Every structure is written in structure tokens, then in C-alpha cells.
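Okay, structure coming up:
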């Protein structure tokens with residue numbers, strides 16, 4: 001070594017910090033998860049503490065059984081996005097759709113039965129109304145006839161009594 005090299009190594013550089021024996025703050029790293037449409041799943045490590053989901057950062061880890069997790073921000077849950085899972089979900093959706101169509105068919109049949117029942121009830125009510133109207137007319141005619149008979153009887157009795165007095 002030359003004397004010049006030795007001297008430059010021994011001279012401290014002026015813009016460096018001197019270290020003191022302060023106890024260093026312990027850094028705690030937290031794990032969070034990034035999930036959005038562009039990046040469905042990414043692990044984040046930071047010393048920041050996050051206590052609740054803040055789009056696109058999710059606090060809770062996905063289920064380890066998920067092959068390709070993505071956070072559903074509407075349902076607030078992790079979902080599977082692998083092609084295999086999409087096929088299974090599509091099959092599930094198709095089954096639910098078929099069940100819904102069956103339910104709709106059952107409801108339509110029940111509605112038709114109700115309509116038929118209502119028609120039958122309406123017909124019966126019209127017949128009943130007609131019968132009541134006919135009965136009312138008959139009662140009116142009968143009442144008129146009975147009144148006429150009573151009047152005729154009373155007139156006959158009154159006339160007969162008056163004639164009997166004359167004898």
C-alpha cells in the first residue's frame with residue numbers, strides 16, 4: 001500500500017452518520033393481500049398495520065384450498081377463479097337455473113289452477129246471484145198473491161157478515 005492510500009482510508013468521510021448505541025426500534029411486518037380485477041391475488045408485506053379491508057387490500061387470508069383466489073368485493077369474501085372452479089360454478093349456476101325454471105313452472109301451474117278455481121267460483125257466484133234474484137221475484141209474486149188472497153178472504157168475510165146481519 002502506498003502512503004497516500006493509507007491516509008485516505010484512515011480519514012473519515014464527512015457526509016456519513018456516526019452510529020451511536022441507541023436501541024433500534026423493532027419492526028413488525030404484517031401480511032396483507034392485494035386483490036382487484038387486474039391483480040386477483042398478491043401477497044403484501046408491510047410494517048403498516050391495517051385493521052380492515054381497504055380496496056384493493058384485504059386483511060384476511062384466502063382459504064388455502066383455493067387454487068386461484070380473488071376477493072369478491074361485493075360479497076366480501078374470497079372466491080376461486082381457476083378454470084376448473086369456473087366450470088364447477090357454471091355447472092352449479094346451470095343447476096340453480098334449472099331449479100328456478102322448475103319452480104316457475106310449478107308456480108305457473110298453481111296460478112292456472114287458481115285462475116280456474118276463480119272462474120269456477122265466479123260462475124257459482126253468478127248462478128247463486130241469479131238464484132237469489134229468482135227467489136226474490138218468486139217471494140214478491142208469492143207475497144202479492146198471498147196479500148190478494150188475504151184481502152179477498154177478508155172482503156168475502158166482511159161482505160158475508162154484513163149480508164148475514166141483513167137477514
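Residue numbers (the UniProt record's numbering): 1 to 167. Beta carbons: idealized from backbone N, C-alpha and C, even for Gly. This structure is a prediction, so every number in the text was calculated from the model and none was measured.
When the distance is taken between beta carbons, is residue j closer than 8 Å to residue i?
i: residue 43; j: residue 55; result: no
i: residue 67; j: residue 85; result: yes
i: residue 69; j: residue 83; result: no
i: residue 51; j: residue 29; result: no
Comparing C-alpha positions only, which one of the options sits nearest to residue i?
i: residue 40; options: 146, 71 and 77; result: 71
i: residue 31; options: 62, 25 and 37; result: 62
i: residue 75; options: 91, 53, 87 and 92; result: 53
i: residue 37; options: 147, 73, 106 and 146; result: 73
Let me know the secondary structure DSSP gives residue i once reduced to three states.
i: residue 51; result: coil
i: residue 115; result: helix
i: residue 77; result: strand
i: residue 27; result: coil
i: residue 86; result: helix
i: residue 183; result: Residue 183 lies beyond the residue range present for the chain, which begins at 1 and ends at 167; the question has no answer from this structure.
i: residue 102; result: helix
i: residue 72; result: strand
i: residue 107; result: helix
i: residue 66; result: coil
i: residue 59; result: coil
i: residue 45; result: strand
i: residue 153; result: helix
Throw me the rounded Cβ distance for the residue i and residue j pair, which I believe falls under 8 Å.
i: residue 189; j: residue 58; result: Nothing can be reported for residue 189: it is not among the residues displayed for the chain, which extend from 1 to 167.
Does residue i have its Cβ less than 8 Å from a Cβ in chain C?
i: residue 48; result: This model lacks chain C altogether; it includes just one protein chain.
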